[in-house]
Every structure is written in C-alpha cells, then in structure tokens.
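This note's numbering numbers the first residue of the sequence shown as 41 and each following residue consecutively.
Positions of the beta carbon are idealized from the N, C-alpha and C atoms, including for glycine.
Here is the structure we will look at, set down as structure tokens.
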Amino acid sequence: MNSSTNTVLLLECLFRAYGFPEFIESETGQYTLEIDDITFYFFDEKDSSEIYIQADVAEYTSTENVATLIALLKINHLWDATNGGIIGLSSENNVFSYTYKINLPLGESDDYDEYLIDLLPEIIRCIQYARNKLIPVLL
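As structure tokens, then:
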C-alpha cells in the first residue's frame with residue numbers, strides 16, 4: 041500500500057471521528073480539516089514514506105522584531121507534547137506554521153488511526169499555546 045493510500049485511509053478515520061463525513065482533496069494533493077479555528081493541512085510527499093500535518097499559527101510581516109523570533113525559538117525549545125512537531129517561518133504564505141511528520145509504515149498495529157485521532161488534540165493544544173505566546177508579541 042503506498043503512502044497516498046495510507047494517508048487517505050487514516051484521514052477517513054480521523055474525519056469521521058471529528059464528525060466530518062468526508063474530506064476534500066485540493067489540486068495540490070492536500071486534505072484540509074478545520075477544528076477550533078485551526079485549519080489543518082494533511083499531505084504526503086510523492087515517493088516518500090511520510091505524512092505531514094501542517095497548520096498556521098500566526099501571521100508575520102517583514103517588520104517582525106527580535107522578541108517575536110525569540111518567542112518562537114522558546115516555544116520550539118520548551119514544548120512539544122506531540123514529540124515531533126516544530127514551528128517555523130513559511131515564506132510562501134507569511135505565517136508561523138506548525139508541521140508534524142508521521143513516518144510510514146506506521147506498523148503492524150491497526151490502531152494508528154486512533155493514534156492520529158488522539159494526536160490531533162495535542163497538536164491543537166500546542167498551536168493554541170503558541171498563538172497565546174506569539175500574538176501578544178506581534179501586537
């Protein structure tokens with residue numbers, strides 16, 4: 041089973057768990073889900089054995105100051121309940137974004153859909169924490 045098939049199967053379980061009967065695939069091969077005012081993008085790289093979860097944390101502009109970047113680095117250093125996510129700067133859409141990578145194959149267990157379902161609330165908590173720390177600095 042290729043990574044795209046794994047991605048689709050996992051996302052079907054995830055979306056059903058959150059009450060969404062189906063998901064929409066964009067032209068770029070990304071799947072989106074919005075929960076708690078956070079839009080998540082799920083995608084995999086062609087010929088790769090990884091699934092990525094990405095979400096925007098906060099916008100930034102070219103006038104960001106040192107305090108904002110220090111806050112960002114502290115967040116990456118001091119927290120990560122998900123044991124694998126990282127906040128970075130995205131030059132494509134001018135945001136601080138959170139990215140989490142899941143390596144495939146996930147294993148022999150059938151409960152990796154549960155793993156993803158349980159992981160998402162932790163990612164939401166991390167993004168909300170980052171927003172609380174970054175947005176006051178940005179203002």
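Legend entry - Local Cβ density within 10 Å of TYR138, reported as buried at 16 or more and exposed below that: Per the 10 Å Cβ criterion, buried.
Inset, instruction - Determine the burial state of GLY125: buried for a count of at least 16 other Cβ atoms within 10 Å of its Cβ, exposed for fewer. - result: Residue burial is scored here from C-beta neighbours: GLY125 has at least 16 other C-beta atoms within 10 angstroms and is therefore classed as buried.
Inset, instruction - Please classify TYR155: does DSSP put it in a helix, a strand, or coil? - result: Three-state result, TYR155: helix.
Inset, instruction - Give a yes or no on whether 8 Å exceeds the smallest Cβ distance from PHE82 to chain C. - result: Structure shown: chain C not included; a single protein chain is present.
Legend entry - Cβ shell of GLU65 (< 8 Å), same chain only, five flanking positions each side left out: Residues TYR71 of the same chain have their beta carbon placed closer than 8 Å to that of GLU65, with the five preceding and five following residues left out of the count.
Inset, instruction - Compute the Euclidean distance between the alpha carbons of ARG56 and LYS173, then round it to the nearest angstrom. - result: It is roughly 32 Å from the alpha-carbon of ARG56 to the alpha-carbon of LYS173.
Legend entry - Cβ pair LEU73, PHE80 closer than 8 Å: Taking 8 Å as the cut-off, the beta carbon of LEU73 is found closer than this to the beta carbon of PHE80.
Inset, instruction - Tell me whether the beta-carbon of LEU54 lies closer than 8 Å to the beta-carbon of ILE157. - result: For the pair LEU54 and ILE157, the CB atoms are nearer than the 8 Å cut-off.
Legend entry - Three-way DSSP call (helix, strand, coil) for GLU65 in this model: Reduced to three states, the DSSP call for GLU65 is strand.
Inset, instruction - Would you kindly work out how many angstroms separate the C-alpha atoms of LEU49 and ILE91, rounded to a whole number? - result: When rounded, the distance between both Cα atoms is 12 Å.
Legend entry - Inter-residue Cα distance where the pair is LEU160 and GLY128: Distance between the alpha carbons of LEU160 and GLY128: 19 Å.
Legend entry - Endpoints, the beta strand (DSSP E) within which GLY125 is located: It is not in any beta strand (DSSP E) - GLY125 carries neither H nor E in the DSSP assignment.
Legend entry - Residue from SER89, ASP96, ASP87, GLU162 whose Cα sits closest to the Cα of GLU132: Nearest C-alpha to GLU132: ASP96.
Legend entry - Backbone secondary structure at TYR169 - three-state DSSP: DSSP, reduced to helix, strand and coil, places TYR169 within a helical segment of the structure shown.
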